[in-house]
Amino acid sequence: MHGILICSALLSALTGITAAPLQGSTDSSNGTAVASGQVAFKFPLSNGFPNIKNPSPELRAIEEAAVGILPNAPLSKHLAPADVTSFQLIGFAELFQVAYYTSLYNNITQNVPGYEVPAQIKPFFLSVLEKTIAQEELHALSANAVLKAAGQEIIQPCQYVFPFDNFFAALDFATIFSDVVIGTYQTFQNTLAVNGDSNYIAYLASIMGSTAERNGYFRSLLGANPAELPFLSISTGPWAYAALTHHVIVKDSCPNANIINVPTYGDLFLTNSSPNVSLTATELAFAFINNGKKPSDLRLVYTNAQNVPIANKLENVKTTGNFVTFTVPFDYNSTIMSGMTMCWVASKSGDLSSANGVTAASLFGPAILNIN
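The sequence shown lines up with residues -19 to -1, 1 to 353 when you count with mature numbering (1 follows the signal peptide of the UniProt record, and there is no 0).
Written out as structure tokens, the structure reads:
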């Protein structure tokens, strides 16, 4: 990966690509057409997932494929409200990952054009992908089990669309959303500790470790260093939710995502002519559809690694109706801002000194930079 940017603008453009129908549900032919040649991915899977009973032969088969079982320690009957939201978001993210990797597996095994895998790695890669799907199924089932034990409604799957037409683009996106997941679960661990639900911290760390190990393998296939950064970038629950809903969720397809207590954000578009950013770039250009905010009251905020966010004034602002374009400085040499970097337009009056503060102050985003 060489300075690849995945953002609202790029993904919006990619949805116009003629991609193969994304398959994997029991009746993919009933999917909703969402782009030329695309069909929305819908659950359930052929094994019945996510409707898996515990215990059941279906669960046992998933555990054997995952090379491990669901955690069997007693689950708490109580969760703090903020931790309920965290586990709802975990379920939301893990269901998406099951859909994504199942779709990728089917596109490869069904010889969809563009999804040819180099012969020397294909057998092992498919074996990894089979285990990945099963492990993500267990992650999703475990998150919903935690919610159910605490008397909360479990999260149901949405419909999804993945706007790629080739193996390496799909693999690259997998590394990016894995970074988002790992960064988000960092903040969930803090919340668990603060709210007295620390019994789930190790559980969450184990999911992060599993995701990171797999992500290192995927990154190596793309010619990138397996370990992206010495201190992986932070994210938050609302940011992860926004990234998924803006980019891969079919609108109005989530049966009960409305119960998740997160804010909503407007789209932030990267308007540079290319999605690739050179380390020698000096500025980035963005746009958003304004809702009455004064550009002078806003800041473009970069969050990267475990560092204090970088807030920039909007420069070269131009307004056409409600459509606002602007630029901000980008200086790799002074920041060494590598790996996953999130971009947000936030109110300058908010606390822009931490990820949680930026989350509360954000109005538009995210645009996600992945610079290597």
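Quick reminder that beta carbons are idealized off the backbone N, C-alpha and C, glycines included.
Keep in mind that this is a model prediction, so the values were computed, not measured.
DSSP lists no bridge partner for Gln91.
Per DSSP, Pro25 lies in no beta strand (DSSP E) and is assigned neither H nor E. Going by DSSP, Ser108 is part of the alpha helix (DSSP H) stretching over Lys103 to Ala130.
Shown here, Ala54 sits in coil according to DSSP, grouped into three states, outside any helix or strand. Per DSSP, Glu45 is one residue of the alpha helix (DSSP H) stretching across Pro38 to Ala47. Here Val305 is bridged, per DSSP, to Phe269 and Thr300. The DSSP-derived three-state label of Ile230 is strand. In the DSSP assignment, the residues bridged to Ile352 are Gly320.
For Thr284, the uninterrupted beta strand (DSSP E) segment begins and ends at Leu279 to Asn285. In the three-state DSSP reduction, Ser214 falls in the coil class, being neither helix nor strand. Contact fails between the stretch 302 to 311 and the stretch 201 to 221, because fewer than three Cβ pairs, one in each stretch, are under 8 Å apart. Contact annotation, Ala193 with Ile163: C-beta distance approximately 6 Å; criterion of less than 8 Å satisfied. Membership of Ile163 in the alpha helix (DSSP H) is indicated by the continuous run Phe148 to Val175. Counted as a single uninterrupted DSSP element, the stretch harbouring Asn35 is not any alpha helix (DSSP H), since DSSP gives it neither H nor E. According to the DSSP secondary-structure assignment, Ser343 is paired through a beta bridge with Ala327.
Sequence-distant partners of Tyr313 (beyond 5 residues in either direction) whose C-beta falls short of 6 Å from its own C-beta, in its chain, are Leu260. Relative to the Cα of Glu134, the nearest Cα in the group Val142, Leu122 and Tyr141 belongs to Leu122. When Asn147, Asn28 and Leu185 are compared, the shortest CA-CA separation from Val127 is found for Leu185. Your pair Gly72 and Ala124 checks out as a contact, with CB atoms roughly 4 Å apart and the cut at 8 Å.
Rounded to whole angstroms, the Cβ separation of Ala348 and Leu249 is 5 Å, and the two are in contact under 8 Å. For the 7 Å CB-CB criterion, Phe311 and Val298 do not form a contact. DSSP, reduced to helix, strand and coil, places Ala292 within a strand of the structure shown. About 27 Å separates the Cβ atoms of Ile270 and Met318, ruling out a contact at the 8 Å cut-off. In the three-state DSSP reduction, Pro219 falls in the helix class (H, G or I).
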